[in-house]
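Asks: My questions all concern the structure below.
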Amino acid sequence: MTSPVTDLAVPSTLSPSKITAFTSCPLAFRFSVVEHLPEPPSAAALKGTLVHRALELLFTEYPPGSRSRDAAQKALDGAWQELQGVEELDGLGLDDAERIAFLVDSRVLVDRYLELEDPDTVRAIGLELNLSTELNGVTVRGIIDRLDELDDGSLAVVDYKTGRAPRAEQSRSRLSGVHLYALMCEAELGRRPSVVRLLYLRDRIVISAAPTDQAMRGTRQRALGVWSAIERACKEGDFRPNPSNLCRFCAFQEFCPSFGGVPSLAAAALGDSAVSTARSSEPDASAPEPTAVGPRCLSA
Ligand code: SF4
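Structural data, given as structure tokens:
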């Protein structure tokens, strides 16, 4: 048995996706975020990127009154063109039929977005808004999909999700990421949004909540608590596996003790970039595609 590697470099920043990754599985977080080990491209993640870009183009290229279904599909065409030749798409190794299926499914997601809201009524004042703030000395960063100004002048944080919607009892925990965005808005823009909304496109479900004082306090405490846990894990080299449904999509399964693997072999097997202090990419830890259900709204 080998001793754990201690005093690993702590990530330089915290973000909603890092919080999700660490709380989902500390060991996978170590491989991905702390050691920066390479992961194969993910069709689900790339589809999410494509659909997010299409919706961004819908709001930047088409003024209110022209954001029809056709416009949304044209925006998707534009986003798809931008992806051609990009390494992540080529890395998926899709054949012609699979590429068509990938695009068709993305079209379905864009169509379903239009079942959740009328984009002609949306006044977006920020798209892919990059925010950074300090929480007790910890740098917290995040990219807000969309920041809206509502009719009463208040702000709304909107986050698109292309993965599966949570069960009703899990919806509160899924809101913690967007609550962190609300906290960042308040710190950086001086205004706390009146509502945060998660739009689950595939399932046609909207989960929304008001960022109350209590929610903001809880979000802040949770973020700082996760940060302390990350620091402790890096210092002690103690990143435990947390087996779940997400293991099916984990690129590090063969090095995971829960599957008979040895974590210390991962860096040598997957690359020599271990224990870097560079900022990592931020994988979406949400699970992939669900079975579609009818339109509905949830309020948590
Ligand atoms: S296989 Fe599962 S438990 Fe193991 S590192 Fe991956 S996500 Fe974590």
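Position in the sequence shown (first residue = 1) + 60 = the working numbering.
For every residue, glycine included, the Cβ atom is placed at its ideal position computed from N, Cα and C.
Remember, predicted model here, so these are calculated numbers, not experimental data.
Do residue 268 and residue 214 count as a contact pair if the criterion is CB distance below 8 angstroms?
Replies: no
Asks: Per the DSSP calculation, residue 207 is bridged to which residue(s)?
Replies: Under the DSSP definition of a beta bridge, residue 207 partners with 186 and 217.
Asks: Counting by C-beta, which residues lie closer than 6 angstroms to a heavy atom of ligand 1, in chain order?
Replies: 85, 87, 88, 301, 302, 303, 306, 307, 310, 312, 313, 316, 318 and 319
Asks: Can you tell me the Cα-Cα spacing of residue 199 and residue 238, whole angstroms?
Replies: 17 angstroms
Asks: Here's the rule I'm using: 16 or more other beta-carbon atoms within 10 Å means buried, otherwise exposed. How should residue 205 be labelled?
Replies: buried
Asks: Give the single residue among 91, 83 and 115 whose Cα lies nearest to the Cα of residue 180.
Replies: 115
Asks: Name the one or two DSSP bridge partners that residue 193 has.
Replies: 200
Asks: Excluding the 5 residues preceding and the 5 following residue 334 in the sequence, name in chain order all residues of the same chain whose CB lies nearer than 6 angstroms to its CB.
Replies: Reliability of the predicted coordinates at residue 334 is poor, the pLDDT of 44 falling under 50, and the value obtained from them is presented with this limitation in mind. If we look at residue 334 and ignore the five residues flanking it on each side, its Cβ neighbours are 95 and 327.
Asks: Under three-state DSSP, which class holds residue 242?
Replies: helix
Asks: Figure out for me which residue from 67, 87 and 75 has the closest Cα to the Cα of residue 299.
Replies: The option with the nearest alpha carbon to residue 299 is 87.
Asks: By alpha-carbon positions, which one of 285, 320 and 284 ends up nearest to residue 301?
Replies: 320
Asks: Of all the beta strand (DSSP E) runs that stay within the bounds of the stretch 74-103, which reach a length of 3 or more residues?
Replies: none
Asks: State buried or exposed for residue 250, treating a residue as buried only when at least 16 other CB atoms are found within 10 Å of its CB.
Replies: exposed
Asks: Express the C-alpha separation of residue 160 and residue 246 in angstroms, rounding to a whole number.
Replies: 42 angstroms
Asks: Contact between the stretch 96-104 and the stretch 114-131 is defined here as three or more beta-carbon pairs at a separation below 8 angstroms; is this criterion met?
Replies: no
Asks: What residue range is occupied by the uninterrupted beta strand (DSSP E) comprising residue 259?
Replies: Secondary structure note for residue 259: its beta strand (DSSP E) is the uninterrupted segment 255-260.
Asks: Would you mind working out which of 151, 322, 223 and 153 sits nearest residue 2, comparing C-alpha positions?
Replies: The question about residue 2 has no answer, for the chain in this structure spans 61 to 360.
Asks: Helix, strand or coil, according to DSSP, for residue 268 in the structure here?
Replies: strand
Asks: Taking 8 angstroms as the cut-off, does the stretch 71-88 touch the stretch 139-152 (at least 3 CB pairs, one atom from each stretch)?
Replies: They do not touch, by the three-pair rule.
Asks: Taking the alpha-carbon of residue 219 as reference, which of 72, 311, 330 and 112 has the nearest alpha-carbon?
Replies: 112
Asks: Is the separation between the beta-carbon of residue 330 and that of residue 97 shorter than 8 angstroms?
Replies: yes
Asks: Identify whether residue 161 lies in helix, strand or coil by the three-state DSSP scheme.
Replies: helix
Asks: Buried or exposed: where does residue 107 fall if 16 or more other Cβ atoms within 10 Å of its Cβ makes it buried?
Replies: buried
Asks: Please state if the CB of residue 119 and the CB of residue 187 are separated by a distance shorter than 8 angstroms.
Replies: Yes, these two residues count as a Cβ contact at 8 angstroms.
Asks: Residue 142 lies in the alpha helix (DSSP H); which residues open and close that run?
Replies: 129-143
Asks: On the premise that residue 163 lies in contact with residue 138, defined as a C-beta separation below 8 angstroms, what is that separation, rounded to the nearest angstrom?
Replies: Wrong, their Cβ atoms sit about 13 angstroms apart, outside the cutoff.
Asks: Is it buried or exposed for residue 283, if we count other Cβ within 10 angstroms and need 16 for buried?
Replies: buried
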